[in-house]
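As numbered in the working numbering, residues 56 to 167 make up the sequence shown, in order. Input: a single structure, listed below in structure tokens.
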Amino acid sequence: MRLITAVIQPHALESVTDALREAGVTGLTISEVAGYGRQGGHTEVYRGAEYRIDTLPKIKLEVLVDDADEAALVEVVVRSARSGRIGDGKVWTTEVGTVVRVRTGEEGPSAL
Numbered sequence: 056m057r058l059i060t061a062v063i064q065p066h067a068l069e070s071v072t073d074a075l076r077e078a079g080v081t082g083l084t085i086s087e088v089a090g091y092g093r094q095g096g097h098t099e100v101y102r103g104a105e106y107r108i109d110t111l112p113k114i115k116l117e118v119l120v121d122d123a124d125e126a127a128l129v130e131v132v133v134r135s136a137r138s139g140r141i142g143d144g145k146v147w148t149t150e151v152g153t154v155v156r157v158r159t160g161e162e163g164p165s166a167l
């Protein structure tokens, strides 16, 4: 099993979750996070004073998937989150050792 983690722009959340649902994903975790990449932060003006914001709001998605579905679902996330502008985000996968559904005690792929 694999964990797909994606950090995306907040405005892309709906299109990504809709695309994952259409691809058969039955569960995911969404977190509001902040960070920066190559775009760095940005400056804003408030009441005439300019200040720098070093981190930008992002959305972090986590999806547990079977190994066979990894590549296709990564492509779904990338395709639905891409705007072509800097700051679109990152997607990565990690190997997962054990998954247990707490309610039933099911383990492995049947717990997804």
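A virtual CB, placed ideally from N, CA and C, is assigned to each residue, including glycine.
Alpha-carbon spacing of residue i relative to residue j, whole angstroms
i	j	result
residue 102	residue 109	19 Å
residue 86	residue 117	9 Å
residue 127	residue 71	13 Å
residue 129	residue 122	11 Å
residue 65	residue 144	10 Å
residue 131	residue 104	42 Å
Local Cβ density within 10 Å of residue i, reported as buried at 16 or more and exposed below that
i	result
residue 59	buried
residue 165	exposed
residue 80	buried
residue 89	exposed
residue 113	buried
residue 146	buried
residue 138	exposed
Closest by C-alpha distance to residue i, when choosing among the options
i	options	result
residue 56	134, 149 and 130	149
residue 111	152, 93, 151 and 153	93
Distance between beta carbons of residue j and residue i, contact taken as under 8 Å
i	j	result
residue 154	residue 119	6 Å
Go through the segment 72–157 residue by residue and report every complete run of the beta strand (DSSP E) that reaches 3 residues or more, in order. You should have 84–90, 97–101, 104–108, 111–120 and 144–150.
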